[in-house]
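Before any comments, here is the structure.
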Amino acid sequence: AQTVTQSQPEMSVQEAETVTLSCTYDTSESNYYLFWYKQPPSRQMILVIRQEAYKQQNATENRFSVNFQKAAKSFSLKISDSQLGDTAMYFCAFMKHVGWTSGSRLTFGEGTQLTVNP
Amino acid sequence: DTEVTQTPKHLVMGMTNKKSLKCEQHMGHRAMYWYKQKAKKPPELMFVYSYEKLSINESVPSRFSPECPNSSLLNLHLHALQPEDSALYLCASSHSAREREKLFFGSGTQLSVL
Chain S
5 AQTVTQSQPE MSVQEAETVT LSCTYDTSES NYYLFWYKQP PSRQMILVIR
55 QEAYKQQNAT ENRFSVNFQK AAKSFSLKIS DSQLGDTAMY FCAFMKHVGW
105 TSGSRLTFGE GTQLTVNP
Chain W
56 DTEVTQTPKH LVMGMTNKKS LKCEQHMGHR AMYWYKQKAK KPPELMFVYS
106 YEKLSINESV PSRFSPECPN SSLLNLHLHA LQPEDSALYL CASSHSARER
156 EKLFFGSGTQ LSVL
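Shown next as structure tokens:
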């Protein structure tokens, strides 16, 4: 079974600054995906960024980037130039590569509540 | 259209009621999911449908009954629920071939069982 651990229940950052959220995972799979989802007060889960395990290059989406350390099983999220709208619960998630007929199972961490202060 | 639409947004029901949650998408996705999320907790997978067939049931009690009548629609029928079933119920969908790891979530139905 896979486990995902987020060790920071809460974090805060000043607007325009940079913040890093930590995530570690445990798996025996060699082929998998890692994700960061955000859940603002509206409670919709929004995909922020995803990383395929076989790719060594770290994924980047605008102000969001990851530091993927496969050997260490670490997957941190860096948010640059933080904005008030980044205030949300952030979930790290794991998905093993599955066959195309089966659907996909996401395993979430416990989440990190990020508050961006003006 | 890149939306997953869930109705109703809020639902209050008694323990003897029967109600249904509805989820709809028109992205051509052939995998659809139900997740349950308690306050300040991560979502937990309940069911997965792939090509309108139930492929994963995470040992969910029978008072929750999923249904996938067609490729665009997913229902969750509720009967004889308990107060501890109060939660946010999230629906999601994904493509079955390309980028099947990308799940699109709806905004959820906030359920209160009295």
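Protein chains in written order, with this note's numbering: chain S, 5 to 122; chain W, 56 to 169.
All C-beta atoms, glycine included, are put in the ideal place defined by N, C-alpha and C.
Neighbourhood of W/N112 by C-beta distance below 6 Å, restricted to the same chain and skipping five residues each side
Within the second sequence, the letter at position 57 stands for residue 112 of chain W. Excluding the 5 residues flanking it on each side, W/N112 has same chain C-beta neighbours closer than 6 Å at F102, in chain order.
Taking CB distances under 8 Å as the criterion, tell me whether W/A86 reaches chain S.
Looking up residue 86 of chain W in the second sequence gives position 31. Yes, its Cβ sits closer than 8 Å to a Cβ of chain S.
Cβ of W/F181 within 8 Å of any chain S Cβ
With chain W running from 56 to 169 in the structure shown, residue 181 of chain W is simply not present.
Report yes if the C-beta distance between S/G113 and S/Q10 is below 8 Å; otherwise report no.
Numbered from 1 along the first sequence, position 109 holds the residue referred to as residue 113 of chain S. Numbered from 1 along the first sequence, position 6 holds the residue referred to as residue 10 of chain S. Contact flag set, yes.
Taking just the CA atoms, how far does W/P116 sit from S/A57?
The sequence position of residue 57 of chain S within the first sequence is 53, counting from 1. The sequence position of residue 116 of chain W within the second sequence is 61, counting from 1. Annotation: S/A57 to W/P116 spans about 34 Å, alpha carbon to alpha carbon.
Chain S within 8 Å of W/E156, Cβ atoms only:
As a working note, residue 156 of chain W is residue 101 in the second sequence. True, the Cβ-Cβ gap to chain S drops below 8 Å.
Taking just the CA atoms, how far does S/S78 sit from S/I53?
Residue mapping note: residue 53 of chain S aligns to position 49 of the first sequence, counting from 1. Residue mapping note: residue 78 of chain S aligns to position 74 of the first sequence, counting from 1. Each residue's Cα considered, the two are about 15 Å apart.
Where W/G163 meets chain S, residues with beta-carbon distance less than 8 Å
Start at 1 with the first residue of the second sequence, and residue 163 of chain W comes out as number 108. Here the neighbours are R47 and Q48.
May I have the straight-line CA-CA distance separating W/A135 from S/Q73, to the nearest angstrom?
Position 80 of the second sequence, counting from 1, holds the residue named residue 135 of chain W. Position 69 of the first sequence, counting from 1, holds the residue named residue 73 of chain S. Their Cα atoms are separated by approximately 47 Å.
Quick one: what does DSSP say W/P138 is sitting in, helix, strand or coil?
Taking the second sequence and counting its residues from 1, one reaches residue 138 of chain W at position 83. Residue state, collapsed to three classes: helix.
Neighbour list for S/E33 in chain W, Cβ cutoff strictly below 9 Å
One-based indexing of the first sequence puts residue 33 of chain S at position 29. Listed along chain W, no residue sits closer than 9 Å to S/E33 by beta-carbon distance, the nearest being about 13 Å off.
Should the region 67 to 87 of chain W be called in touch with the region 31 to 45 of chain S, which here means at least 3 C-beta pairs below 8 Å?
Contact check between the region 67 to 87 of chain W and the region 31 to 45 of chain S: fewer than three CB pairs, one atom from each, fall below 8 Å, which does not count as touching.
Residues of chain W with a CB under 7 Å from the CB of S/F112: which are they?
Taking the first sequence and counting its residues from 1, one reaches residue 112 of chain S at position 108. P97 and P98, listed in chain order.
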